[in-house]
Amino acid sequence: MTGPSLSEQIDRIKKKLVKAKLIDKDCRVFGAGRHRYELNPPASIAEVEALEKKYKIRFPECYRTFVLKVGNGGISYLNSGAGPFYGIYPLGTNMDQLIYPGAVTHLKNACFLHPNMTDIFWDDFMDSIFENNTSDDELDEEYTKIYGGILPIGSQGCSYIHALVLNGPYEGKVINMDVCAQMAPRFSYDNNFLDWYEHWLDESILGELAKSPSWFGYSKRSLD
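Per UniProt numbering, the sequence shown starts with residue 1, numbered consecutively.
Structure below.
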């Protein structure tokens, strides 16, 4: 998405953030009590390009535009800014949540994950990884392949996070993931990060996420 339609969506998102905060003044939506629908000022293009150069990647345009035009981090858990669950991490933070601490070489790798992975397939696949790789170094290497091209972007609480696909046919899509790998990755039904974020705002404004249970992004819901 480029040109006027992208600018129009960014404008809508900014307006809906203000509206969501006014409507959900008691912060009944899960996580809103932490982020309070607030975002820090956007990142600079220099910050974005420095990270892209360092890790030999390019952030999907949907996410890139968000951190450059809407906001970057905030007051929530791990300095996250307004967003689903506990919000969206600041640019360049918590990038190693899916692999061994301190290593982010996986970001430039091709994305292995896809929407059709079932829990049975995932469990069998992960079991085979542990059976065939006995050393820590071998397991670490496998993780850089399994989680290739996946950027953690926010916490859902406990071991659950939302993450962003950086490359391949699903570039820009958001995935719900368990860092302990006990659950198969759950791809969002939304087309990309901005659609997912705006969908969250729409459901917050309509009061859908103030209901229980309210696991946003795990099922396809109509706003009509």
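Beta carbons: idealized from backbone N, C-alpha and C, even for Gly.
For clarity, every value in this text was computed on a predicted model and none was experimentally measured.
Item: Go ahead and pull the three-state DSSP assignment for residue 153.; Value: strand
Item: For the alpha helix (DSSP H) holding residue 35, just list the boundary residues, first then last.; Value: 32 to 35
Item: Nearest to residue 209 by alpha carbon, out of 12, 7 and 26?; Value: 26
Item: Please go through the same chain and pick out, in chain order, the residues whose beta-carbon is closer than 7 Å to the beta-carbon of residue 108, but skip the five residues on each side of it.; Value: 55, 56 and 57
Item: Any contact of the stretch 9 to 22 with the stretch 69 to 86, i.e. 3+ C-beta pairs under 8 Å?; Value: yes
Item: Excluding five sequence neighbours on each side, which residues of the same chain lie with their C-beta closer than 7 Å to the C-beta of residue 148?; Value: 106, 109, 110, 111 and 112
Item: So, at 6 Å on beta carbons, what are the nonlocal neighbours of residue 85 in its own chain, with the 5 sequence-adjacent residues on each side left out?; Value: 31 and 156
Item: Looking only at C-alpha atoms, which of 205, 43, 174 and 181 sits nearest to residue 219?; Value: 174
Item: Can you name the start and end residues of the alpha helix (DSSP H) that residue 75 belongs to?; Value: From DSSP, residue 75 is part of no alpha helix (DSSP H); its letter is neither H nor E.
Item: Assess, as a yes-or-no matter, whether the stretch 133 to 146 is touched by the stretch 93 to 100 under the definition of 3 or more beta carbon pairs within less than 8 Å.; Value: yes
Item: Does the stretch 126 to 141 come into contact with the stretch 159 to 172, if we say contact requires no fewer than three beta-carbon pairs (one atom in each stretch) closer than 8 Å?; Value: no
Item: Apart from the five residues just before and just after residue 20, which ones in its own chain have a Cβ nearer than 7 Å to its Cβ?; Value: 37, 201, 204 and 205
Item: Checking 8 Å against the spacing of the C-beta atoms, do residue 40 and residue 87 come in under that value?; Value: no
Item: Start and end of the alpha helix (DSSP H) containing residue 132?; Value: 119 to 132
Item: Just how far apart, CA to CA, sit residue 172 and residue 132?; Value: 32 Å
Item: Taking the DSSP output, what are the residues bridged to residue 225?; Value: Because the chain is modelled from 1 through 224, residue 225 falls outside the range shown and cannot be assessed.
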